[in-house]
Structures are given as structure tokens and as C-alpha cells.
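First up is the structure itself, then whatever we jot down about it.
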Amino acid sequence: MTGAAGRLAFSNDIGRDFELMEYGLDPSLDSPVLPNAAVMNALQNLVRVASQLCGAPFGVVNIISAGHQHQIGAWGVDPGVCSREDSMCAKVFLSQEKTVVSDASRDPRFADSPFVTGEIGRVRFYASVPLETSSGFVPGTLCVFSEAVQELSPAQVDMLEVLGRQVVELLELQHRTAQLDRAYAELEESNARLAGFAGRVSHDLRSPLTTMLGYLEMLQDDPRIQAVPGAAQDLDMIDASGRRMLATLEDVLSYSRVGGGIRPEYVSVRHAATEVMLDLGINDQNMVEVQDLTIYADPGQLRTLLQNLLCNAMNYRSPHRDLHISISGVSNYHGSTVLVADNGKGIPAEDRAKVLEPLVRLHREGDGAGTGLGLATCCSIAKAHGGDLLLSDTPGGGTTVAVSFPAG
Numbered sequence: 001m002t003g004a005a006g007r008l009a010f011s012n013d014i015g016r017d018f019e020l021m022e023y024g025l026d027p028s029l030d031s032p033v034l035p036n037a038a039v040m041n042a043l044q045n046l047v048r049v050a051s052q053l054c055g056a057p058f059g060v061v062n063i064i065s066a067g068h069q070h071q072i073g074a075w076g077v078d079p080g081v082c083s084r085e086d087s088m089c090a091k092v093f094l095s096q097e098k099t100v101v102s103d104a105s106r107d108p109r110f111a112d113s114p115f116v117t118g119e120i121g122r123v124r125f126y127a128s129v130p131l132e133t134s135s136g137f138v139p140g141t142l143c144v145f146s147e148a149v150q151e152l153s154p155a156q157v158d159m160l161e162v163l164g165r166q167v168v169e170l171l172e173l174q175h176r177t178a179q180l181d182r183a184y185a186e187l188e189e190s191n192a193r194l195a196g197f198a199g200r201v202s203h204d205l206r207s208p209l210t211t212m213l214g215y216l217e218m219l220q221d222d223p224r225i226q227a228v229p230g231a232a233q234d235l236d237m238i239d240a241s242g243r244r245m246l247a248t249l250e251d252v253l254s255y256s257r258v259g260g261g262i263r264p265e266y267v268s269v270r271h272a273a274t275e276v277m278l279d280l281g282i283n284d285q286n287m288v289e290v291q292d293l294t295i296y297a298d299p300g301q302l303r304t305l306l307q308n309l310l311c312n313a314m315n316y317r318s319p320h321r322d323l324h325i326s327i328s329g330v331s332n333y334h335g336s337t338v339l340v341a342d343n344g345k346g347i348p349a350e351d352r353a354k355v356l357e358p359l360v361r362l363h364r365e366g367d368g369a370g371t372g373l374g375l376a377t378c379c380s381i382a383k384a385h386g387g388d389l390l391l392s393d394t395p396g397g398g399t400t401v402a403v404s405f406p407a408g
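First residue of the sequence shown? That's 1 in our numbering, and the numbers climb one at a time after it.
Written out as C-alpha cells, the structure is:
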């Protein structure tokens, strides 16, 4: 797949991974696990019931990410991971219809699957129901299967669908729990950050200023100062300026306590990228390709984000090819996702989490200079907007940074 269709499919897959993260399922992990142990146990029990009701020895809950199938619950088999291309469920789960096949080796959709041919397994009977959430998102399937040819009665099919809806209820519960946990953690972090900021400002600015105003008041009351022509008026002016400064400081503190740092508006990504390219002295129009996209974000913060990502791309370019950077995106009713893709050295999957931490660099041979703050800053900007940041491979080599922004 090439051109606009390929970019759209890639953007939709990135959006799928963001949705999975909302449900507490990190697709970058080899084996995503629901963080709530009680939900995980209930999920395992539902898979077991589904297998036994259908008379099938094996059952799984499959989660389909951009590139893989992850089994987060299994009965009769050990949970595993395979490529999305090899997955049987990935071929049918977006149809939003149940699938019941008595002999997969005779079904053209599955006959060449490595799960059927013997390369991975020898599945014959296969039945699955899509797991559709209240928002219409389908994270995966509830699936039962066996190596023998068999049929399901209408009642068994109905029960499989009922159990699928129960799996969705568990995932929705996990979703709501994850939202609450995230909101609580962000509130705690914000409160701690604001408390620290307020304490430093209070100590470094307000206390010396108050002391200065106190000494100034003593000078104003000193008869020797009052006897100097014009001195009283000068001191009054200094006092007024100091008190205005103190009032301004109090206003700044009040503003910071309500999280007034981000001021989003509808802004053109192309316009912001053009300004950043001018600031960085990028004159080669072939180096950076920018798709026009309007998002709801703080203009200054968006420029900072793009500047950091462009600098990273230039610092970590591949020595084997000319640098090319693509800035694109996709929007829907949830918000917008900005994609900045380069064809540079890339970031290994095992390093992607740590490079989002402050002051972390990979120190590879030939890398450009950097502080290790660029991606951490971008991640903070995304989270300050209520979004997130994901790192992935660019098809053909390089790094793609996906930054989500909620709708306005």
C-alpha cells in the first residue's frame, strides 16, 4: 500500500493503538496485561465458560493492535502474541459480525493461515464474536476453536455473543478505572508541581520583596529622609512600584494554581511548522513535507513541540540516506493526532519508554548533540493538553512520533 491510502491506514493504526492505551492495554508491550487483577481473573473465567459452553478445548480473548494480535486471556493454551498478518481474528473482527466456521481449512479466509496449515497450529473449528464497545471501537474478539471439525447450535452461538458482551463490560470497567487512575495521578502531579512552584516563588521573590517594602516604610518615616527635598515623593514612587510588583506576583501565583499555562485555540499545523522551519534555518523544501491540518492546541506549545521533533530528526539522521521528514495527521470526533515521521536511525522498541524521561540519551556513535530533554518536553506538552505521545517505527526505517490532542 502506497501514497495517500498507505498514510491513512498507518494513521488509523496509530489511532487504534491510542484507543487500546485508553483501555489500559499498552500495545508496545509483548504481552499487554490488564492492570486490574480482579478484572483479569474475571476475564479468564469468561473465556473458560465460553470454551466449555461451546464444547471447544481452546478459548482466547484477542486484542488486535496496529501490528500484532495479543491474547490477554486464554483457556487451554498459553497466552501468546503473533503478527496481525497471521491472526485469524484480524481478518474478520472489523466486520462487527460473529464468525462461525466448522472447518477453517475449507474457508478461503483462513485456509492459508499458519494457524490452520500447521505452521503454528492446525485449527479446524473456529468461532469468534467482535468485542464492540459503547463508542463503536472494536479492540478484538472472544474466540473459541479446536483442531477437530465441529458445529455450534444456535443456542451456543447466542451464548458466545452474550459472553462477548460480558467481556466488553469488563474492558469498559477497566477503561473507566484507567481514566480515574490517570486523572487522579495527573491531579496529584499537578498539585505537587504547583505547590513546589508556589513555594519557590514565595521564597525567592515574595519574601525579599516584602522585606524591601518593610525597609522602605521605615525610610519613609525617617525624619532625616523627610527633610531631603523630593525624597519623600521618590520613596512613594518606589513603594507604589514595589506594591504593584507584589500584586502582580500574587496574580501570577493565583493563575498558576488553576492551571492557566495552556491556552488552546484552533491552529494550523502547517503554519506552525513553517515558522519553526524559518527559526531553524531549514530552507530545503524537499527535506520537510507538511500536510495542512487544523488542531486545537496552544500555538506556542505546538511550535515548541515541532521544533524539538525537527531538531531530533536532524540530530539523529541516518548516514546512509538524505533526511526526509513528514508532518501529517488525522482528525476525528475524539480530536487530532499529529504524526512526525523521519527516515533516520530510529529508536529501538526497548528504549522508547526511557527516552521520554528527562535527560535520557542513547549515546550512539554519530549522534548529534542534545540534552535529552527534547522528547520529554514533547511528552509533557502532549499530556498538558490532555493527550499522549507514542513512538513507533517509520515504514522503511526511522521514527514516527504520534501526538494526540483532544477535540476543542
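Just so you know, even glycine gets a beta-carbon here, dropped at the ideal spot from N, CA and C.
### Query
For L375 versus N315, is the C-beta distance shorter than 8 Å?
The residue labelled residue 375 in the question sits at position 375 within the sequence shown. The residue labelled residue 315 in the question sits at position 315 within the sequence shown. Between L375 and N315, the C-beta spacing is not below 8 Å.
### Query
Thinking C-alpha only, which one of T177, Q71, S207 is nearest A38?
Position 38 of the sequence shown holds residue 38. Selected option, being the one with the closest Cα: T177.
### Message
Quick check on DSSP: helix, strand or coil for R257?
### Response
Position 257 of the sequence shown, counted from the first residue, corresponds to residue 257. A caution first: R257 carries a pLDDT of 45, below 50, which makes its placement in the model unreliable, though a value can still be read off. R257 falls in the helix class under three-state DSSP.
### Residues near G121 by beta carbon distance below 7 Å, same chain, minus five either side
Numbered from its first residue, the sequence shown carries residue 121 at position 121. Exclusion of the five residues before and after G121 leaves F115 as the residues of its chain whose Cβ lies within less than 7 Å of its Cβ.
### Task
Identify which residue in S87, A74, G140 has its Cα closest to the Cα of R16.
Within the sequence shown, residue 16 is the residue found at index 16, counting from 1. When the alpha-carbon of R16 is set against those of S87, A74, G140, the nearest one is in G140.
### Query
Under the DSSP definition of a beta bridge, which residues are partnered with T58?
On the sequence shown, residue 58 is found 58 positions in, with the first residue counted as 1. For clarity, residue 58 is Phe in the given sequence; the question names Thr instead. The partner list for F58 (beta bridge, DSSP) reads F145.
### Range covered by the alpha helix (DSSP H) that runs through Y215
The sequence position of residue 215 within the sequence shown is 215, counting from 1. For Y215, the uninterrupted alpha helix (DSSP H) segment begins and ends at 207-221.
### Task
Assign H68 to one of three DSSP states: helix, strand, or coil.
For the purposes of this step, residue 68 is taken as residue 68 along the sequence shown, with counting starting at 1. Strand, per DSSP.
### Task
Under the assumption that L356 contacts L310 (Cβ atoms under 8 Å), give the Cβ distance between them as a whole number of angstroms.
On the sequence shown, residue 356 is found 356 positions in, with the first residue counted as 1. On the sequence shown, residue 310 is found 310 positions in, with the first residue counted as 1. Incorrect: roughly 18 Å between the Cβ atoms, too far for contact.
### Query
Secondary structure at P229, three-state DSSP: helix, strand or coil?
On the sequence shown, position 229 is the one that residue 229 refers to. Coil, per DSSP.
### Query
Under a three-way DSSP split, which group does S331 fall into?
Counted from its first residue, the sequence shown places residue 331 at position 331. S331: strand per DSSP, three-state reduction.
### Query
Under a three-way DSSP split, which group does T99 fall into?
Mapped onto the sequence shown, residue 99 falls at position 99. Residue state, collapsed to three classes: strand.
### 6 Å Cβ shell around Q44 - same chain, five flanking residues per side excluded
Taking the first residue of the sequence shown as 1, we reach residue 44 at position 44. Taken in chain order, the residues that qualify are G73.
### Query
Any idea if E85 is buried or exposed, counting beta-carbon neighbours within 10 angstroms, 16 or more meaning buried?
Here residue 85 corresponds to residue number 85 of the sequence shown, with the count starting at 1. Looking at its Cβ environment, which holds fewer than 16 other Cβ atoms inside 10 Å, E85 is exposed.
### Query
What is the C-beta distance between L302 and A272, in whole angstroms, given that I count them as a contact (C-beta under 8 Å)?
As a first step, residue 302 is located in the sequence shown; it is residue number 302 there, counting from the start. As a first step, residue 272 is located in the sequence shown; it is residue number 272 there, counting from the start. At roughly 5 Å, the Cβ-Cβ gap stays under 8 Å, so L302 and A272 are in contact.
### Task
Within 10 angstroms of the Cβ of E265, are there 16 or more other Cβ atoms? Answer buried if so, exposed if not.
For this step, residue 265 is matched to residue 265 along the sequence shown. Classification of E265: exposed, given that the 10 Å Cβ count is below 16.
### Query
From which residue to which residue does the beta strand (DSSP E) around P406 run?
Mapped onto the sequence shown, residue 406 falls at position 406. P406 -> beta strand (DSSP E) spans 399-406.
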